[in-house]
Amino acid sequence: MRELNIMEIEHVSGAGLFDRLGAAFLGAVAFTGIGAAKGGVSGGSTGGILGVGAIAAAVTAIYGGLHGMVQGAVYGFVNGWDKTLSVFNTITEQWGDQTVPTPKI
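Below you can see the structure in the form of structure tokens.
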């Protein structure tokens, strides 16, 4: 019996599915924060009187977070664990950088 390579193991055992599901979860977690931050900043920039900018920021932060979650899950499922983990690490490092106002994608 010969030894299987990584590609063959993923196809035989179904490990590719678990790889993609894990990446989808990781992508959803990572992109939720990014979507909320970007949505809040762009929605809050409308300004206005009587706190309209604050209300817009809250609404777009929620919408951005939900949109980011879906986008991140799809991104993770399509690209797999390795690429999604790399993006997650980049996002996490940017959150720690206090000189950047909002994380960039």
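Counting along the sequence shown from 1, when you hit position 23 you're at 8 in this note's numbering, and nothing is skipped either side.
The beta-carbon is built from N, C-alpha and C at its ideal position, and this holds for glycine as well.
Which whole-angstrom value is the C-beta distance of residue i and residue j, which I expect to be below 8 angstroms?
i      : j     : result
Y60    : F16   : 7 angstroms
L(-11) : V(-3) : 7 angstroms
A21    : G53   : 7 angstroms
G29    : A42   : 3 angstroms
S27    : T45   : 6 angstroms
Going straight from the alpha carbon of residue i to that of residue j, what length do you get?
i     : j   : result
E78   : I19 : 12 angstroms
W66   : F3  : 9 angstroms
T69   : I34 : 41 angstroms
M(-8) : T31 : 50 angstroms
Does the beta carbon of residue i fall short of 8 angstroms from some heavy atom of the ligand MN?
i  : result
L2 : This structure lacks the ligand MN, and indeed carries no ligand of any kind.
Which same chain residues, not among the five before or five after residue i, have their C-beta less than 6 angstroms away from its C-beta?
i   : result
F73 : L11 and A15
A13 : M54, G57 and A58
Starting from residue i and walking both ways along the alpha helix (DSSP H), at which residues does that stretch end?
i   : result
N64 : V37 to G81
Could you confirm whether any beta carbon from chain D is found closer than 9 angstroms to the beta carbon of residue i?
i     : result
V(-3) : In the structure shown, chain D does not exist; there is a single protein chain.
Cutting at 8 angstroms between CB atoms, please list the residues of its own chain near residue i, excluding the five before and the five after it.
i   : result
F62 : R5, L6, A8, A9 and G12
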